[in-house]
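**Q** Protein sequence lines, in the order shown, are assigned to chains R and V.
Going by the numbering used here, the first residue of the first sequence is number 1, and it counts up by one from there.
Going by the numbering used here, the first residue of the second sequence is number 1001, and it counts up by one from there.
Built from N, CA and C at the ideal position, the CB exists for glycine as well.
Just so it is clear, the structure is predicted and the values come from calculations on it, not from any experiment.
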Amino acid sequence: MKARYFIPLALATLTLLPGCSPKGASAGGELELQNVSYDPTREFYEEVNAAFVKKWEADGKGKIKVIQSHGGSGKQARSVIDGQQADVVTLALAGDIDVIAKQAKLLPDDWQSKLPDNSSPYTSTIVFVVRKGNPKGVKDWADLIKEGTQVITPDPKTSGGARWNYLAAWAWAEKEYGGDQAKTLEYIKALFKNVPVLDTGARAATTTFAQSKIGDVFLSWENEAYLIEKQFPGETEIVYPSISILAEPPVAVVEKNAAKHGATEAAQAYLQFLYTDEAQEFAGKHFYRPRKPEILAKFSSKLQDIPLVTVDKDFGGWEKAQKTHFDDGGTFDQAYGVK
Amino acid sequence: MPKQRVIPGFGLSMGITIFWLSGIILIPLAALFLKAAGLGPSEWWAILSSPRVIAAAKLTFGASAAAALVSMVLGLLVAWVLVRYEFPGRKILDAIVDLPFALPTAVAGITLTQIYAPNGWLGKILFEWGIRSAYSSLGVFIALTFIGFPFVVRTVQPVMEDLGHELEEAAASLGASRWTTFRRVIFPMLVPALITGFTLAFARAIGEYGSVIFISGNLPMKTEILPLLIVKQLEQFKYEAAAVIASGMLIVSFALLFLINLLQRRLNWQAR
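1. Would you mind telling me which residues of chain R sit closer than 8 angstroms to VAL1073/V, beta carbon to beta carbon, in chain order?
2. Work out the CA separation of PHE1214/V and ILE1110/V for me, nearest whole Å.
3. Between the region 1233-1265 of chain V and chain R, which residues of the former have a C-beta closer than 7 angstroms to a C-beta of the latter?
4. Do GLU1224/V and SER1216/V have their C-beta atoms closer together than 9 angstroms?
5. On the CB-based measure, 16 or more other CB atoms within 10 Å of its CB, does TYR1085/V come out buried or exposed?
6. Residues of the region 1013-1026 of chain V with a CB closer than 7 angstroms to any CB of chain R: list them in chain order, please.
7. For ALA1117/V, go through chain R and note every residue whose CB falls closer than 7 angstroms to its CB, in chain order.
8. Note down, in chain order, every chain V residue with its Cβ under 7 angstroms from the Cβ of GLY60/R.
9. Just tell me which of SER124/R, GLU319/R, LEU107/R and ILE64/R has its CA closest to the CA of ALA168/R.
10. Go ahead and label ASN1261/V buried or exposed: buried means 16 or more other beta carbons lie within 10 angstroms of its beta carbon, across all protein chains shown.
11. So, does the CB of PRO1088/V fall closer than 9 angstroms to a CB anywhere in chain R?
12. Sorted by chain position, which residues of the same chain lie with C-beta nearer than 6 angstroms to ASP312/R's C-beta, five sequence neighbours on each side aside?
13. Rounded to whole angstroms, what is the Cα-Cα separation between GLN150/R and LEU1228/V?
14. Give the interface partners of PRO196/R over in chain V, defined as CB-CB distance under 7 angstroms, in chain order.
15. Identify whether LYS136/R lies in helix, strand or coil by the three-state DSSP scheme.
16. Residues in the region 90-105 of chain R with C-beta within 8 angstroms of chain V's C-beta atoms, listed in sequence order?
17. Tell me the residue span of the beta strand (DSSP E) that contains GLN1233/V.
18. Enumerate in chain order the residues of its own chain whose CB-to-CB distance from TYR336/R is below 7 angstroms, with the five nearest sequence positions on each side excluded.
19. For ILE1195/V, which residues in the same chain have their Cβ closer than 6 angstroms to its Cβ, ignoring the five residues on either side in sequence?
20. Nearest CA to the CA of LEU303/R: which residue from GLY316/R, ALA321/R, GLU319/R and GLY284/R?
21. Along chain R, in chain order, which residues have C-beta atoms closer than 9 angstroms to that of ILE1213/V?
22. Less than 8 angstroms between C-beta atoms, sequence neighbours within five positions excluded: which residues of the same chain meet that for MET1014/V?
23. Tell me, to the nearest whole angstrom, how far the beta carbon of VAL1078/V is from that of THR1145/V; I am working on the premise that it is less than 8 angstroms.
24. Can you give me the C-alpha to C-alpha distance between SER26/R and ILE1251/V, rounded to a whole angstrom?
25. How about the region 87-97 of chain R and the region 158-177 of chain R: do they share at least three Cβ pairs that are nearer than 8 angstroms?
26. Would you kindly check if the distance between the Cβ of ALA1063/V and the Cβ of PHE1141/V is under 9 angstroms?
27. So PRO1220/V contacts chain R; which residues on that side make the cut at Cβ distance below 7 angstroms?
28. Excluding the 5 residues flanking ALA3/R on each side, which residues of the same chain have their C-beta closer than 6 angstroms to its C-beta?
29. Can you look up ARG291/R in the DSSP assignment and give me helix, strand or coil?
30. Taking VAL1231/V as the query, report the chain R residues whose CB atoms sit under 7 angstroms from its CB, ordered along the chain.
31. Quick one: does PHE218/R have its CB under 9 angstroms from some CB of chain V?
32. If you draw a straight line from the C-alpha of ALA1106/V to the C-alpha of TYR1209/V, how long is it?
33. Per DSSP, what kind of secondary structure is ILE126/R in: helix, strand or coil?
34. Could you round the C-beta distance between LYS157/R and PHE326/R to whole angstroms and report it? I think they count as a contact, below 8 angstroms.
35. What are the boundary residues of the beta strand (DSSP E) that includes LEU33/R?
36. Hey, ILE228/R and PRO307/R: beta-carbon distance below 9 angstroms or not?
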C-alpha cells in the first residue's frame, strides 16, 4: 500500500475502534443499559427491551436504551470478566455468573438469592428435534445410541446449552441403569460415538442440523427447537423424551458496573421487569417456560409437562456438576478416551 | 557527512517503529508468556504432553504443512497463468485470488462445510467414493488450503513479472528445451519466493480458527485443532493453561519459521 494512503486510512481505522470513541453510560442524556446474554435469547430480549423502554419512560424515569450482546454463555462471561461493561448478565448457566462473582468480584457471591426463583425468571428444558415423520423412530434417550442414528449436540466444553444436554442424558441413563456409574458412562460413550460434529455453540449446532441437514436427532433447548420449527416449516418435529432437565438460565445485576454507570436502579428494574406478567408472556411466546404458573398454563399445549431433574437436587449444584463432568478429566473427557 | 536517508530522522522513525511493534506485537506476546509463567515447568510439561494436546498439535501442524505445500504448487500454477498469459477476464481472476483474505473466515468455514458436507454438492460425490471430506482431517486441510493459497500467488507473482524474457531466450538459443529452461533457469529463481509464500501460508494456517471449527467436526483426539483446544481451556476459565498451550504453539511455530527462513537465505545465496 502506498504511504500516502496509509496515514488517512490508519486514522480512519483508529476512530472506528470502539475504545476510542467517547462513550459513557449517559451518552446524549440517555441512560444506556447493557445486557450481556447468551445465544438463543436474541429474539426474546428484543421484545422485552422495547417494552421495558416504554415502561421506563411512562414511569417518568426518562429515556433509556438497552444494548444487547449475544454469544456463547462462557465466552460472554469471560468478556465481562475482562472488562465488557455489562450492567446485567442473563446467561445460560449459574456457573458462568458465579465465575464473574468469584474472579472479577463484580457482584456478590450470593447473587442468586437476590431475585425470586433462583434468579431465573424463565426456565427451559432439553428436547429432541427430529426430521419430519421421524424416520429413525426416535422416542427417547435409549434410541440415541442405536447404530446409524446421528446425534447433533454442541460441545459441553464450549456451550452452556450442551451442558444441559449432557446432564439430561446422564440423568436418564443413571435412572435406567439403577445408578450404575460404569453403565451410565458406557451410555454416554455410545451416545457421543453417534455425534459426527461437535459445534462450539447452540446456534452453530442449529445451523448444522437445520441448514446443513446433518444428523437425525438434534438435542436442543426447547425454545430453539420451536424456533427451528418456525424457520423451517414442515421440515422438523419435536419429540419430548420421557425425562429431561430443568434448565434455569439465571439473570443478575453486575453491581459494580451498574453503580459506575449510575444505572443501578435501572438495572434492577430491568431484571424485575422480567417477572412481570408482560415479560412472562413474552417468555412464553418465545418458548421459554414462564415461572408464573398461570401464564405457563396458557402455553401448556406446546411446552409439555414432563418429569424434569434439576442440577441442585440431582447433581449437587453447578460447581460439583462442572467438576465431575466437564472439567478436564471429567466424565465427558473419559467418554472420549481423553485423560 | 551523514548518509542521506529517504525518510528523515532515523531516531524518530525508529522510535515510532518500536512503539508500534511494542504496543501491537511485543507487549501482548510478553503478556501471554507472563500469564503462562504462573505455572511451573512440571505443569507446563503435563499440559503440553497430554495426549489431547499432542493429537491436536499433530493435526494442526500436519494439516497446515500439507495445505501450505499444496498451496505452493497450485499458487505457482495460478501465478504463472496470471503473469504469462493474456486472456479475457484475467483481471477479474487476479482479483478473485485475494478474496480469501477479505472474507470473514467463519463465512468461509460455513460455506465450505455446506459444499463438502456428506450431502453437499462436492461432498456427495466424494462420499460416494468413500471419502469423507467435511468433519474429518481432510476438511481441516481444505479450509487451510483455502485461506493459505493467496499468500503463495501474491509472493510469487511479482518475482515472476520481473523475470524478463532475456534469460529464457538465451537458454533457448543455447539449445535448452522448454522443460530444461523451466527447471534450470526459471524455477531456481522462483524458489525463494515460493518458500516465502509457503511460510506465510503455513504460519497463517497454524493460527486459523474461524473457518476450521465449522468444517472439522471438532471431535476430541480426532479433528480438534490446537486453537480450538485453547478456546476450550478459556471456556473453563483456565487462562493459564490456555496461555501455556498458546505459548507452546508460538515457540514451535517460531522455531519452524526461523528454520524455513534460514533455509531460504541459503537458497537465496546459492541462487546468486
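**A** The structure says:
1. In the second sequence, counting from the first residue as 1, residue 1073/V sits at position 73. Proximity of chain R to VAL1073/V at the Cβ level (cut-off 8 angstroms) is not reached, the minimal Cβ distance being about 29 angstroms.
2. Your numbering for residue 1110/V matches position 110 in the second sequence. Your numbering for residue 1214/V matches position 214 in the second sequence. Each residue's alpha carbon lies about 6 angstroms from the other.
3. Against chain R - using a Cβ distance shorter than 7 angstroms - the residues of the region 1233-1265 of chain V are LEU1234, GLU1235, GLN1236 and PHE1237.
4. What you label residue 1224/V is simply residue 224 of the second sequence in a count that begins at 1. What you label residue 1216/V is simply residue 216 of the second sequence in a count that begins at 1. Pairing GLU1224/V with SER1216/V gives a Cβ-Cβ distance under 9 angstroms.
5. Position 85 of the second sequence, counting from 1, holds the residue named residue 1085/V. TYR1085/V is exposed by the Cβ-count criterion.
6. For the region 1013-1026 of chain V, the beta-carbon criterion of a distance under 7 angstroms to any beta-carbon of chain R is satisfied by none of its residues.
7. Locating residue 1117/V in the second sequence gives position 117, counting from the first residue. Those within 7 angstroms of ALA1117/V in chain R are SER212 and ILE214.
8. Indexing the first sequence from 1 puts residue 60/R at position 60. Residues of chain V whose Cβ lies closer than 7 angstroms to the Cβ of GLY60/R do not exist, since the nearest Cβ in that chain is about 42 angstroms away.
9. Numbered from 1 along the first sequence, position 168 holds the residue referred to as residue 168/R. For ALA168/R, the nearest C-alpha among the options comes from SER124/R.
10. The count along the second sequence starts at 1 and reaches residue 1261/V at position 261. Classification for ASN1261/V: exposed.
11. For the purposes of this step, residue 1088/V is taken as the residue at position 88 of the second sequence. Using a CB distance cut-off of 9 angstroms, PRO1088/V does not count as an interface residue toward chain R.
12. By one-based count along the first sequence, residue 312/R stands at place 312. Here ASP312/R has no same chain residue with a Cβ atom under 6 angstroms from its own Cβ, once five neighbours each way along the sequence are excluded.
13. Counted from its first residue, the first sequence places residue 150/R at position 150. Counted from its first residue, the second sequence places residue 1228/V at position 228. Straight-line measurement puts the Cα of LEU1228/V at about 23 angstroms from the Cα of GLN150/R.
14. Start at 1 with the first residue of the first sequence, and residue 196/R comes out as number 196. Those within 7 angstroms of PRO196/R in chain V are TYR1135 and GLY1217.
15. Within the first sequence, the letter at position 136 stands for residue 136/R. Three-state result, LYS136/R: coil.
16. Of all residues in the region 90-105 of chain R, those with a C-beta nearer than 8 angstroms to a C-beta of chain V are VAL99 and GLN103, reading in chain order.
17. Along the second sequence, read from residue 1 onward, the residue named residue 1233/V stands at position 233. Under the DSSP assignment, GLN1233/V falls outside any beta strand (DSSP E), being part of the alpha helix (DSSP H) whose first and last residues are 1226-1235.
18. Within the first sequence, numbered from 1, the residue matching residue 336/R stands at position 336. Same-chain partners within the cutoff: PHE192.
19. Locating residue 1195/V in the second sequence gives position 195, where the first residue counts as 1. Only GLN1264 meet the Cβ criterion.
20. Reading the first sequence from its first residue, position 303 is the one you call residue 303/R. The option with the nearest alpha carbon to LEU303/R is GLY284/R.
21. Counting from one through the second sequence, the residue named residue 1213/V turns up at place 213. Taking a Cβ-Cβ cut-off of 9 angstroms, the neighbours of ILE1213/V in chain R comprise ASP199, THR200 and ALA204, given in sequence order.
22. Within the second sequence, numbered from 1, the residue matching residue 1014/V stands at position 14. Excluding positions up to five away in sequence, the list is empty.
23. Sequence index remark: in the second sequence, residue 1078/V carries index 78 (1-based). Sequence index remark: in the second sequence, residue 1145/V carries index 145 (1-based). Contact doesn't hold; Cβ gap of about 12 angstroms is too wide.
24. Working through the first sequence from its first residue, we reach residue 26/R at position 26. Working through the second sequence from its first residue, we reach residue 1251/V at position 251. In this prediction, SER26/R scores a pLDDT of 46, lower than 50, which makes its location untrustworthy; the coordinate-derived value is nonetheless stated afterwards. Cα atoms of SER26/R and ILE1251/V: separation of roughly 46 angstroms, rounded to the nearest angstrom.
25. The region 87-97 of chain R is in contact with the region 158-177 of chain R.
26. Stepping through the second sequence from its first residue, residue 1141/V is reached at position 141. Stepping through the second sequence from its first residue, residue 1063/V is reached at position 63. Cβ distance < 9 angstroms, so PHE1141/V and ALA1063/V count as in contact.
27. Here residue 1220/V corresponds to residue number 220 of the second sequence, with the count starting at 1. Against chain R, the beta carbon of PRO1220/V has neighbours under 7 angstroms at TYR336 and VAL338, listed in chain order.
28. To locate residue 3/R, count along the first sequence from 1; it is residue 3. In this predicted model, ALA3/R has a pLDDT of only 49, less than 50, meaning its place in the structure is not dependable enough to derive any value.
29. Reading the first sequence from its first residue, position 291 is the one you call residue 291/R. Per DSSP, reduced to three states, the secondary structure at ARG291/R is coil, with no helix or strand assignment.
30. Position 231 of the second sequence, counted from the start, is the residue given in the question as residue 1231/V. Those within 7 angstroms of VAL1231/V in chain R are THR158.
31. Along the first sequence, read from residue 1 onward, the residue named residue 218/R stands at position 218. At a cut-off of 9 angstroms between beta-carbon atoms, PHE218/R makes no contact with chain V.
32. As a first step, residue 1106/V is located in the second sequence; it is residue number 106 there, counting from the start. As a first step, residue 1209/V is located in the second sequence; it is residue number 209 there, counting from the start. Here the alpha carbon of ALA1106/V sits roughly 8 angstroms from the alpha carbon of TYR1209/V.
33. Start at 1 with the first residue of the first sequence, and residue 126/R comes out as number 126. ILE126/R: strand per DSSP, three-state reduction.
34. Walking along the first sequence from the start, residue 157/R turns up at place 157. Walking along the first sequence from the start, residue 326/R turns up at place 326. Confirmed, Cβ separation roughly 6 angstroms.
35. Within the first sequence, numbered from 1, the residue matching residue 33/R stands at position 33. 31-37 is the span of the beta strand (DSSP E), which, as asked, contains LEU33/R.
36. Here residue 228/R refers to the residue found at position 228 of the first sequence. Here residue 307/R refers to the residue found at position 307 of the first sequence. Against a cut-off of 9 angstroms, the Cβ pair of PRO307/R and ILE228/R comes out as no contact.
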